[in-house]
Amino acid sequence: MWPDDLLVIAKRIAKGIPEIPIPRGPNERQCDYAARIQRMQAKYPVVLFLPEDQHAFEVGQAALELFEAVPHMEAPINAVNADVIHASGEAAMRLAPAGIVIPPELAVILNEQREILRFETTDEDSFIKRVRRKSGVYGEHLL
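Note that our numbering has the sequence shown beginning at 61, numbered continuously upward.
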């Protein structure tokens with residue numbers, strides 16, 4: 061059994077028409093339109109796929125070239141720092157009786173900032189942290 065796209069291509073080739081016009085979808089972005097035509101051309105190189113909306117195709121191709129020119133860098137996936145999670149949980153328990161609520165998202169934000177700030181736990185109280193910024197500025201902050 062032939063897939064629909066191959067059947068259409070085979071019928072056009074049988075009629076001696078090696079070109080297939082490709083319409084643009086009603087809400088299809090130009091870059092998606094150009095990418096779709098490029099994928100079809102790569103998949104079936106024997107046939108020439110012609111965009112019905114030439115302007116949209118050209119704009120889409122230009123956009124795709126710009127996208128490809130942007131260097132791709134994988135973002136590192138940082139592991140969760142258990143000390144930060146523990147300290148934020150302890151802070152939440154201490155502040156709850158005073159009616160201060162610390163959202164769980166704060167632990168995630170603090171975890172992301174661990175490259176910027178280095179936390180040092182004091183022996184007297186793990187609730188109070190000494191924060192040393194990479195710039196060398198010292199200060200005490202409550203979590």
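The beta carbon of each residue, even a glycine, is placed where N, CA and C say it ideally should be.
Status (buried if at least 16 other CB within 10 Å, exposed otherwise) for Ala122: exposed
C-beta atoms of Ile162 and Leu155 nearer than 9 Å: yes
Beta bridge counterpart(s) of Leu67 as assigned by DSSP: Beta-bridge pairing links Leu67 to no other residue.
Own chain partners of Val119 with C-beta closer than 6 Å, once the 5 adjacent residues on each side are dropped: Gln90
Spatial neighbours of Ser195 in its chain, beta-carbon cut-off 6 Å, leaving aside the 5 residues before and after: The pLDDT assigned to Ser195 is 39, lower than 50, so where the model puts this residue is not dependable; a value taken from the coordinates is nonetheless given after this. Cβ within range, chain order: n/a, list empty.
Three-state class that DSSP yields for Glu150 in the structure shown: helix
Inter-residue spacing [alpha-carbon to alpha-carbon] between Phe127 and Pro63: 32 Å
Residue from Pro81, Tyr104, Gly76 whose Cα sits closest to the Cα of Gln114: Pro81
As assigned by DSSP and simplified to three states, the class of Glu79: strand
Alpha-carbon spacing of Ala74 relative to Met100, whole angstroms: 19 Å
Own chain partners of Ala95 with C-beta closer than 8 Å, once the 5 adjacent residues on each side are dropped: Gly120, Leu124
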